[in-house]
Every structure is written in C-alpha cells, then in structure tokens.
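Colleague: Those letters in the sequence shown? Residues 274 to 571, by the working numbering. Backbone N, C-alpha and C define an ideal beta-carbon position, used for all residues, glycine too. One structure, as structure tokens, below. Some questions next.
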Amino acid sequence: MKLAAIAAAIMLLFSCSEPMKQGKVVFISVAIDYGAPDGANALDNPPEDQRVLSEQIEALAAASGELYEEHLFLEKNGIRSISGNEMKWNHDDILDLLSSLDTVSTDLVILHYSGHGDDDGSLVTDMDTSVRLSPERLLDALEAVDGVKCVFLDSCHSGAFIDESPTMHGGEVFVDGELSSEGLIGSLIPSLAAALSQHGDGRDGIWVLSAATADQSSFDSWDSEEPNQESFGAFSYYLASALGYDMEMDEPTIPGRGGRITFYGLCSSIRRSMAPDLRAKATPQSTLSRLDPVLFSF
C-alpha cells in the first residue's frame with residue numbers, strides 16, 4: 274500500500290508540474306555594404322550574406338523545434354534598416370539590443386557580422402566616423418547575455434576577437450602558404466586539442482569563429498568554381514553552406530548530419546570545404562574550449 278501511495282504521489286507531482294520550456298534561437302546579424310555599388314569603400318555582398326544565413330538559421334531552428342527570433346541590422350545601397358524597417362542605426366543600437374535580450378542559459382544566441390574590420394579587429398559599423406566597435410566592448414556586452422553565444426565574423430583582422438592560449442593559436446596557422454605544424458592539431462581536432470591543453474577561452478559561454486587571423490584580410494567574394502560564390506562574402510558563403518544552405522538552388526535545407534550541428538563540427542566543415550588557396554590567405558580561426566556546444570539538433 275505504501276508503494277502504491279508513493280507511486281500515486283509521484284504521478285500527481287509530475288502531472289502538476291509545468292511543461293519543459295521550449296528553447297529559443299536568437300539570430301543577430303549586422304551587414305553593411307557602405308553605399309554599394311558606388312561607395313568608395315563599398316562591399317557588394319554583405320546583404321546577401323545576411324539573407325541566406327537568416328533563412329538557413331530560421332529553418333534549422335524550426336527543424337529543432339526551437340522558437341526563433343531575429344534582429345537584422347542592414348545597410349543596403351547606403352540605406353540602413355533594422356529587420357526591414359528603414360531607420361538609422363549605429364554600434365550603440367547593437368549593444369543596446371544585446372543588453373535587452375530576454376534569454377536563458379540554454380538558449381542559443383548567434384551574432385553574425387559582415388563588413389569591414391580595422392587593423393585591430395574592431396568592426397567598422399560606420400565608415401563616416403572614427404568610432405569603431407572594439408572586440409573588448411562587443412565581447413563584454415555578450416558576456417552579460419544569458420545563453421550559448423556564437424559569433425561569426427566575416428571581416429578583416431577578425432581573429433583579434435580570439436584570445437590565443439599559452440600553447441597554441443585559436444586555429445590554423447599558415448606559413449609561406451603551407452599549414453604549419455603549430456596549428457595542425459587545432460585544425461584537425463580543436464575540441465580535443467583544447468581539452469588536452471587544459472586551456473580554454475577566457476570568455477564564459479562565447480564561441481567565436483572568424484574569417485581570418487588578426488593579421489589577415491577577408492574577402493568580399495572569391496573567384497572559384499563554387500556555385501554563385503561571387504554573390505557572397507567568401508567566409509559567409511562557406512559558413513552558410515556548412516549550416517546546410519543550398520547555394521546552387523539558393524534555398525535553405527536541413528542537412529543530414531546525424532541529427533545535429535555542433536560548433537566544432539561547423540568549423541571542420543568550413544575548413545574541409547573552403548578553397549585551399551583562400552584558406553591560406555584568409556584562415557578561419559576558432560575559440561578553443563573544452564566544450565563543443567550543440568547548436569542545432571533535429
């Protein structure tokens with residue numbers, strides 16, 4: 274009788290408990306063309322980078338059963354908008370948005386940037402002023418946000434966002450066009466290499482994947498035989514492809530990859546797919562961590 278009573282009490286407890294909260298994916302993208310096609314510092318392809326990533330990440334969130342929220346900071350043909358509504362914005366608006374996000378620790382927050390980067394890695398959110406969004410300021414703002422946070426940077430010198438560990442760089446290293454043994458472990462098995470070194474990133478819960486090292490430029494497009502690559506930033510093209518976007522058909526798809534996409538799996542897919550000559554000139558770098566977060570599972 275006692276066992277039956279305990280079982281009944283347990284069933285009552287679970288029947289009265291609240292259902293598990295549905296998770297959320299928040300996609301924040303900043304894409305700037307600097308007055309293309311006629312601007313002096315114009316970049317033709319950031320708006321398309323933003324479009325395909327928005328479509329693909331929304332599709333992945335739906336396939337994962339997650340709620341989806343997006344905030345799209347765009348400059349196209351010199352006209353600025355936020356999520357389709359024409360309005361002027363600057364880096365303060367991006368930081369204000371980050372501080373206002375309503376997320377919990379299990380939510381996924383993705384920040385994508387496609388635009389110019391200064392020599393120190395700072396993001397050039399407005400070419401007409403001297404104000405730049407520094408790595409320190411952006412990472413400080415992200416650190417205060419709850420959730421698993423991934424930053425994808427398609428800009429020159431973007432490797433400055435990634436701290437070097439005492440034993441290895443945050444990603445591959447090329448010397449005179451050849452992959453250096455210094456970065457070989459990190460390129461093959463970054464999560465295992467980080468675990469063995471016992472050194473991770475210095476920022477809690479932030480994983481960064483950059484288009485280039487702190488000393489390299491990124492490319493607004495790349496001359497290759499990949500379908501439609503001329504219409505996208507080189508790094509964003511491979512990022513969207515690794516997430517599953519069909520670049521030839523120009524439509525989102527759900528990749529058959531064992532039912533999940535992880536951060537380091539994404540990094541490895543980009544490195545495998547990227548044109549070797551591009552990868553030597555603009556070498557993606559990634560945060561080293563003992564954890565490999567699952568971004569999407571379906």
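What residues in its chain sit with their C-beta under 6 Å from that of Leu384, if we drop five residues either side in the sequence?
Modeller: Counting only Cβ-Cβ distances below 6 Å, and skipping sequence neighbours, we find Ile301 and Val424.
Colleague: Applying the criterion that 16 or more other CB atoms from any shown protein chain within 10 Å of the CB defines a buried residue, is Glu409 buried or exposed?
Modeller: It counts as exposed.
Colleague: Secondary structure at His259, three-state DSSP: helix, strand or coil?
Modeller: Limits of the chain in this structure are 274 at one end and 571 at the other, which puts residue 259 out of reach.
Colleague: Whose C-beta lies closer than 6 Å to the C-beta of Lys422 among residues of the same chain, with five residues either side of it excluded?
Modeller: Cβ within range, chain order: Val382, Leu415, Gly478 and Ile479.
Colleague: In chain order, what residues of the same chain lie with their CB nearer than 6 Å to the CB of Asn501, ignoring the 5 residues before and after it?
Modeller: Only Met520 meet the Cβ criterion.
Colleague: Buried or exposed for Met572, please, with buried defined as at least 16 other CB atoms from any protein chain shown within 10 angstroms of its CB.
Modeller: The structure shown does not extend to residue 572, since the chain is modelled only from 274 through 571, so no value can be given for it.
Colleague: Opposite Cys423 in the DSSP bridges: which residues?
Modeller: In the DSSP output, where bridge partners are listed per residue, Cys423 has Ile383 and Trp480.
Colleague: Pair every Cβ in the stretch 302–313 with every Cβ in the stretch 322–335, then say whether three or more of these pairs are closer than 8 Å.
Modeller: Touching, yes.
Colleague: Can you give the beta carbon distance from Ile543 to Leu512, rounded, assuming they're within the 8 Å contact cut?
Modeller: Sure, about 6 Å apart at Cβ, within 8 Å.
Colleague: Counting beta carbon pairs with one atom in the stretch 391–408 and one in the stretch 349–361, are three or more of them shorter than 8 Å?
Modeller: Taking 8 Å as the limit for Cβ pairs, the verdict is that the stretch 391–408 does not touch the stretch 349–361.
Colleague: Taking only runs of the alpha helix (DSSP H) that begin and end inside the stretch 300–351, which ones reach a length of at least 4 residues, in chain order?
Modeller: Within the stretch 300–351, the complete alpha helix (DSSP H) runs of at least 4 residues are 319–336.
Colleague: Use the C-beta contact count for Leu469: other C-beta atoms within 10 angstroms, 16 or more gives buried, fewer gives exposed.
Modeller: Summary for Leu469: the model assigns pLDDT 41, below 50, so the residue's position carries little reliability; its value from the coordinates is reported in the next sentence. It counts as exposed.
Colleague: What did DSSP end up calling Ile527 once you bin it into helix, strand or coil?
Modeller: Three-state result, Ile527: coil.
Colleague: Under the three-state reduction of DSSP, which class applies to Ala468: helix, strand or coil?
Modeller: Since pLDDT at Ala468 reaches only 43, below the 50 mark, its modelled position is unreliable, and no value is offered.
Colleague: Using a threshold of 9 Å, state whether the C-beta atoms of Phe569 and Ala336 are closer than that.
Modeller: Yes. Within cutoff.
Colleague: Please tell me whether Lys591 and Thr402 are closer than 9 Å, where the distance is taken between their beta carbons.
Modeller: There is simply no residue 591 to check, as the chain begins at 274 and stops at 571 in what is shown.
Colleague: With respect to the beta strand (DSSP E) encompassing Ser570, which residues constitute its N-terminal and C-terminal limits?
Modeller: Per DSSP, Ser570 belongs to the beta strand (DSSP E) from Val567 to Ser570.
Colleague: Suppose you measure from the CA of Ala417 to the CA of Ile367; what does that come to, to the nearest Å?
Modeller: Straight-line Cα distance between these residues: approximately 14 Å.
Colleague: On the CB-based measure, 16 or more other CB atoms within 10 Å of its CB, does Arg552 come out buried or exposed?
Modeller: Its Cβ being crowded by 16 or more others within 10 Å, Arg552 is buried.
Colleague: Can you tell me whether Val299 is buried or exposed? The criterion is at least 16 other CB atoms within 10 Å of its CB, across all chains shown.
Modeller: It counts as buried.
Colleague: When you compare only the Cα positions, how much space is there between Ser483 and Val404?
Modeller: Distance between the alpha carbons of Ser483 and Val404 is about 21 Å.
Colleague: So, is Thr379 buried or exposed, given that buried needs 16 or more other C-beta atoms within 10 angstroms?
Modeller: Exposed is the call here.
Colleague: Which of helix, strand or coil does DSSP assign to Gln502?
Modeller: Here Gln502 sits in helix by DSSP.
Colleague: Taking the beta strand (DSSP E) that Arg544 belongs to, which residues open and close that run?
Modeller: Run containing Arg544: none in the beta strand (DSSP E); it sits in the alpha helix (DSSP H), Phe536 to Ser546.
Colleague: Between the C-alpha atoms of Leu370 and Asp413, what's the straight-line distance to the nearest angstrom?
Modeller: Their Cα atoms are separated by approximately 14 Å.
Colleague: The alpha helix (DSSP H) that contains Ala507, what's its start and end?
Modeller: Taken as a continuous stretch (DSSP letters only), the alpha helix (DSSP H) holding Ala507 covers Ala507 to Leu516.
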